[in-house]
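Numbering (our numbering), first residue to last: 1139 to 1467.
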C-alpha cells in the first residue's frame, strides 16, 4: 500500500476498545521531509493514532505504514527507525545532559565509535553547551525540552513523532523549539506532531483536524482558513457571551464564537468585501441594534482574516450535534 515518497500512510485506520471507538476510519499521508500536525482537543484520538503508528498499539481495522513498514505486521522495524518525544519524555534528573545523551545513544545502539561525535553534535544543535555538565534537574523547562528532543533523535531517525511535546513551555521557547524542528525537516526528517496550540499548527505544512476520533479536515493552513464561509468580523463588546447568544439567532450570521473579550462572527457576505462596503455597514448596524436591545454595547468592529482557531471552532460546531462513539486521546 505504501508510496515510497510518503513517510506515513493510513487508510481507514481504526482503533476500538470494548465500550467505544477511539479512532474511526482515519486516512491521511505525510510526504517525506514534511511536518504534519494533528490538531484537536483532549479525547480527539490524537495520541491513540500516534501509538498505532509507532507500533505500540495494534489497530482494530484499516491499514497504516511508517517508512514503508506495515504498522500491524512490522512494528519492531518501525520502532528502530523513529524518534518519539512527548510532554512526559523521560530524562534522568541525576545525570547531566551529556550523560543523558550518552545513555540514550547506548539504548538506541548508536555505534560506540560514533557516540562522542553524535553527542557533541546534538549539544551544539540544542544550544546546550553551557549547560552540558549541569544536573538535568537544575535545567529550566525549556532547556529540558531541548535535551529531550536531542535524546529522541540521537540515533538519527528519519521519522520523528512529537506528542504534545511543547505543553507547558512559554511561547518564546516554543518558537525556538520549532526552529529546531524546521532545521530537522530541512535535513529530510519527517515529523508528525500533535498539539493544542493553534500557533504551533501554523508551523506545519499540513494539518489534520481531529474530533471525536475522526479526521474532519486535512489541508494546508492557508487552505483551511479559506474554507471558513462568509466574511469574518471581530466585535469588541461589554458582554461577549450574551452577544454570541444573540448573534447565533440573527439572520445573516452563519456562526459566532467567543475569543476572550471579543466575539468573532461569520456573516453571509463575500469574504473579500471591503470594510466600507454599504452592505457590510448596514448588516453591522442591524447587529448593533439587536445587541443594544439586550443591553450589550459594541465599542468597535472590524473585518479580520480567519485564524485556524476560527476554522476549527466552526468545523467542530458542525459536528457537535452528531452522535459518535466515545473516544479518547
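Don't be surprised by glycine CBs; every beta carbon is placed ideally from N, CA and C.
Keep in mind that this is a model prediction, so the values were computed, not measured.
For residue 1163, the enclosing beta strand (DSSP E) begins and ends at 1159-1169. About 17 angstroms separates the beta carbons of residue 1203 and residue 1353, which is beyond the 8 angstroms limit, so they are not a contact pair. Looking at 1452, 1314, 1355 and 1435, the one whose alpha-carbon comes closest to that of residue 1402 is 1452. Looking at the DSSP output, residue 1144 bridges to 1169.
Contact between residue 1273 and residue 1234 holds: CB atoms are separated by about 6 angstroms, below the 8 angstroms threshold.
If you draw a straight line from the Cα of residue 1325 to the Cα of residue 1319, it comes to about 10 angstroms. Measuring C-alpha to C-alpha distances from residue 1342 to each of 1359, 1350 and 1351 identifies 1359 as the nearest. Bridge partners of residue 1439 according to DSSP: 1373. Residue 1394 has 1403 as its beta-bridge partners, per DSSP. Taking a contact to require three or more Cβ pairs closer than 8 angstroms, the stretch 1440-1458 and the stretch 1389-1402 qualify as touching. In the structure shown, the three-state DSSP call for residue 1249 is coil.
Straight-line spacing of the CA atoms in residue 1442 and residue 1257 works out to 47 angstroms. Burial of residue 1184 is indicated by the presence of at least 16 other C-beta atoms within 10 angstroms of its C-beta.
Cβ contact annotation for residue 1282 (same chain, cutoff 7 angstroms, sequence separation greater than five): 1229 and 1274, in chain order. In the three-state scheme derived from DSSP, where H, G and I count as helix and E and B as strand, residue 1454 is classed as helix. Note on the stretch 1178-1207: whole beta strand (DSSP E) runs with a minimum of 3 residues are 1199-1204, in chain order. When the alpha-carbon of residue 1430 is set against those of 1404, 1407 and 1380, the nearest one is in 1380.
Going by beta carbons, residue 1330 and residue 1432 fall outside the 8 angstroms limit.
Inclusion of residue 1223 and residue 1286 in the CB contact set at 8 angstroms is warranted, their separation being smaller than that value.
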